[in-house]
Each structure stands twice: as C-alpha cells, then as structure tokens.
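Data block below; observations after.
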C-alpha cells in the first residue's frame, strides 16, 4: 500500500514535492512511534490498513496527541517539528483520501476489465458510488454535501480516464510512439466539459504527446473515418521546416490503434467536421 500511496501523492500533489515527501516520511515515522507506544494502535500497521474508518480513528487519536505535545505519545519523538507543524495529522488525512479514492478506482478498474463497449462502460463508471465518503467528512477532508461528493468523483474520474486511455494505447503517443508518460495526454475527442455521457468513454480518448494534444484540442488536426491524420487548411500558411517536420509530414498517416477501445467514429466525424468548418470560417 505504501508504494501505491507514493504514486497517488506524486500524481495529485499540488503543493510541491517537499510537501509530498514530508507526508510519506511522517507516516513512516508515525508507524514507528505507534509501534513503540502503549496504546490500542500499537499493532496498527498504517501501510496495511484497508479500512477508512480505522484510518479515521488513527487521525482523531493523532490530532489529540499533537495537542498534548510532550505530554502525549510524541514525548520521545526526535522530530518535534512534525507534530508541532501538524504533519502527522495532515499526512493521515492525505492517506485517508488516498484509501477512499484508491478503493473507488479499483471498482472502476474491475468494471473496465469486464466491459468491451466504451459507451456502456462509461455509463457503468459514472454510476459507481464512492464508499466511505462519510469518513472523509468526519475527518474534515471534505465538507458534507452533494457538490463536494461530486467534486471528489470528478477528480478520481478524470485521473482514471487518463490511466484508462494511456493503458489502452500502451502508454505511447498514437502518432509518434513516444513512450514517456510525463509528456503524454489523454485527449478527449468530445470535450469533458460539454459531453457528460462520454466523459468516461475510453473510445472518446486518444493518447497524444503534449504538442499534438494541443493541436487536436484546438482543431488544428483531426482524424478521418480510417483513423488517418487530417490537417486544418488554416495551417497552409506555415512553411517552416519545423512545421513540415511536426505536421505536414504526418498528414494522412494512420495512427497506432489502441489495444481494446477503438476511437468512436461518430465522435471523430463531428470533431473532423468542426475542424474543417472552423478553418473555412
């Protein structure tokens, strides 16, 4: 579970790598502190806990002990900055978020393995409930309410859509074959913001490197009904060598097709038509 949490915090961290590293260290240190304590959590291995309610109990206990300072379980802690700065409780809250979201993602993965139709899969994924959401509310990770629940689901769904699309394309750009995940994007054929029914449809996804993702999203390139690359006529004004290398040279080339969910031809037709019409206007 530790390795999975590290992946999660690296993917979701928005406050810098130092904060992420501090959370991981805090949980490692806390594990050792609890193991040497005379409490009910002495035999609790944080990295093996699978119950959100149990993690919530640990959080409440740690929060209380941080307030007690040297009068509590942290009296022999050689790293007082961790409990003084609230890193232990913050790390537990982060781990709780991971645990709830990880379990939800596993449900999505199981559904994906059992379904071969992209649209049918999208309906299943959208309908999946998040379990243990109350534990997040109880520990002030999120506020109670439908909007907050929807925000958590959207965050996990967007992350899962990326994983699903990259896996479908073997983590390679379907134009260049570039295999570096950090520069790959899960592009929506029909936009996430305007097409709710296809948000989680893997057949609505293409794996592009960042440059081609931006070009596709801006309708500078598209795909025809045989999965061949179409360039917008608006690009005809460009003659630079770099343009020829990155764009003109790939015109008419068939993309590398995915493992399971082929791009939806109906959605591609709409995207291609819009690309050509926008350039005409």
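Numbering (the UniProt record's numbering), first residue to last: 1 to 281. Where a beta carbon is used, it is the ideal one built from N, C-alpha and C, also for glycine. Owing to the predicted nature of the structure, the values given are computational and were not obtained by experimental measurement.
1) Is there contact here, the segment 139-158 with the segment 109-122, by at least three beta-carbon pairs under 8 Å?
2) Sort out for me which residues DSSP pairs residue 222 with in a bridge.
3) What's the C-alpha gap between residue 96 and residue 145?
4) Run through DSSP, which three-state label would residue 186 get?
5) Quick one: what's got a C-beta closer than 7 Å to residue 274's C-beta in the same chain, skipping five residues either side?
6) With H, G and I counted as helix, E and B as strand and the rest as coil, what does DSSP make of residue 174?
7) What are the boundary residues of the alpha helix (DSSP H) that includes residue 118?
8) Considering only their Cβ atoms, is the gap separating residue 141 from residue 93 smaller than 8 Å?
9) Tell me whether residue 280 sits in a helix, a strand or coil according to DSSP, three-state version.
10) Comparing C-alpha positions only, which one of 189, 21, 33 sits nearest to residue 270?
11) Look at residue 74 and residue 83 and say whether their C-beta atoms are less than 8 Å apart.
12) Determine, using beta-carbon pairs with one atom in the segment 170-182 and one in the segment 125-136, whether at least three such pairs fall under 8 Å.
13) When DSSP labels each residue in this structure, what does residue 84 get in the three-state scheme?
14) Give the straight-line distance between the Cα atoms of residue 207 and residue 260, rounded to the nearest whole angstrom.
15) Going by Cα to Cα distance, which pick from 231, 166, 102, 136 is closest to residue 258?
16) Quick one: residues in its chain with C-beta nearer than 6 Å to the C-beta of residue 1, no 5 flanking neighbours on either side, listed in chain order?
In short, the structure shows the following:
1) The segment 139-158 vs the segment 109-122: no contact.
2) DSSP lists 230 as partners of residue 222.
3) Distance between the alpha carbons of residue 96 and residue 145: 18 Å.
4) Residue 186 carries a strand assignment under DSSP once its states are collapsed to helix, strand and coil.
5) Same-chain partners within the cutoff: 219.
6) Residue 174 falls in the coil class under three-state DSSP.
7) Residue 118 -> alpha helix (DSSP H) spans 118-127.
8) Yes; because the gap between Cβ atoms is below 8 Å, this pair is in contact.
9) Confidence is the limiting factor: at residue 280 the pLDDT is only 48, short of 50, which leaves the residue's position unreliable, though a coordinate-based value still follows. Taken through DSSP and simplified to helix, strand or coil, residue 280 comes out as helix.
10) In terms of CA proximity to residue 270, 189 leads the group 189, 21, 33.
11) Closer than 8 Å, so yes.
12) Counting Cβ pairs under 8 Å, fewer than three are found: no touch.
13) Note: residue 84 maps to helix in three-state DSSP.
14) Cα-Cα distance, rounded: 13 Å.
15) Checking every option, the nearest Cα to that of residue 258 belongs to 166.
16) Here the set comprises 47.
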